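Numbering-wise (this note's numbering), the sequence shown opens with residue 265 and increments by one. Ideal placement from N, C-alpha and C gives every residue a C-beta, glycine not left out. Model, not experiment: these values are computed from the prediction. The structure appears below as structure tokens.
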Amino acid sequence: MKSWVTKSGYKIIRVLPGRSNVFLLTNGEKNILIDTSISYLWGKLQRRLELLNIETIDYLVLTHSHFDHAANASRIKEKYKSAVVIHMNDAQLLSKGETVIPKGTVLFTTLLVNTLSRFIPKSLIKYTQCEPDLLIDSDYCLKTIGFNAYLTHTPGHTKGSLSLIVDDEIAIVGDTLFGVFRWSVYPPYADDRNAMINSWKKLLDTKCLIFLPSHGSANKRSLLEKNFRMLQKG
């Protein structure tokens, strides 16, 4: 499993790659899981956590409430006795197990969303509802459980998107950035493009050098800076 180690010795492990990345942040005593992937990967997710000898997960942080991130939240909460953390703007959807398909950010994905919203039944993107334990509104410090890290609101993809800033060195960013193409961090879907670009600025205001998205590979700071400048020019 791909992993990164920060200056404080925290380890970030990509537990699941592929359809939607799942990350584990650990300091050797406390564990934070970030997202849960889609429902049918539950068995694989469990096996990967067992390989890592994970018996407890203190916090389950959901970067947002879409089905490919939150579908296994109720299972994680039950099995690992985790406190489920989400931004208050996405909490109601998590409680209902519902996904609202975001808008396309380019012509192709805009047309795709318009087609899917008409023909795909909502049952395909619905998941087992989960009641959150901790609702985030502003920056939330994680030092109380042993991490030099904090959660911050990075809206755009959804109104309640969250990012996790670790050691001011690595950011786990959900769908605020994409890592599918080497030349671009631009997500194909976002509810509010302008809010998303403002969230990029917020991420660049940190000292983070590595940005871990939920789809694709890690992004370097230089690529985010380049894409941000291009969008500012219009």
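Check, Outcome
"So the candidates are Pro-451, Leu-371 and His-330; which of them puts its Cα closest to the Cα of Asn-353?", "His-330"
"Do Pro-366 and Thr-554 come within 8 Å of each other at the CB atom, strictly closer than that value?", "Outside the shown range of the chain (265 to 498) lies residue 554, about which nothing can therefore be said."
"Helix, strand or coil for His-351 per DSSP?", "strand"
"If you draw a straight line from the C-alpha of Leu-441 to the C-alpha of Tyr-450, how long is it?", "6 Å"
"Use the C-beta contact count for Val-348: other C-beta atoms within 10 angstroms, 16 or more gives buried, fewer gives exposed.", "buried"
"Would the region 407 to 423 and the region 322 to 341 be scored as touching if the rule is three or more Cβ pairs under 8 Å?", "yes"
"For a test of the three-state rule: what should DSSP assign to Arg-457, helix, strand or coil?", "helix"
"Who are the near neighbours of Thr-290 in its chain, counting only those whose CB is closer than 6 Å to its CB and skipping five residues on each side?", "Lys-275"
"Quick one: using the 10 Å Cβ neighbour count with 16 as the cut-off for buried, is Cys-472 buried or exposed?", "buried"
"Just verifying my parser: in three-state terms, what is the DSSP assignment at Phe-442?", "coil"
"First and last residue of the beta strand (DSSP E) that includes Arg-278?", "275 to 280"
"Does the distance from the C-beta atom of Lys-271 to that of Glu-433 stay below 8 Å?", "yes"
"With the cut-off set at 8 Å, would you say Asn-336 and Ser-303 are in Cβ contact?", "yes"
"Is it the case that the Cβ atoms of Val-370 and Pro-452 are separated by a distance below 8 Å?", "yes"
"Rounded to whole angstroms, what is the Cα-Cα separation between Gly-443 and Asn-483?", "6 Å"
"Please list the segments of the beta strand (DSSP E) lying wholly inside the region 384 to 428, counting only runs of 3 or more residues, in order along the chain.", "398 to 400 and 413 to 417"
"For the alpha helix (DSSP H) holding Leu-309, just list the boundary residues, first then last.", "306 to 315"
"Could you please give the first and the last residue of the uninterrupted alpha helix (DSSP H) stretch that includes Tyr-528?", "Because the chain in this structure spans residues 265 to 498, residue 528 falls outside the shown range and cannot be described."
"How big is the Cα-Cα spacing for Ser-463 and Val-430?", "17 Å"
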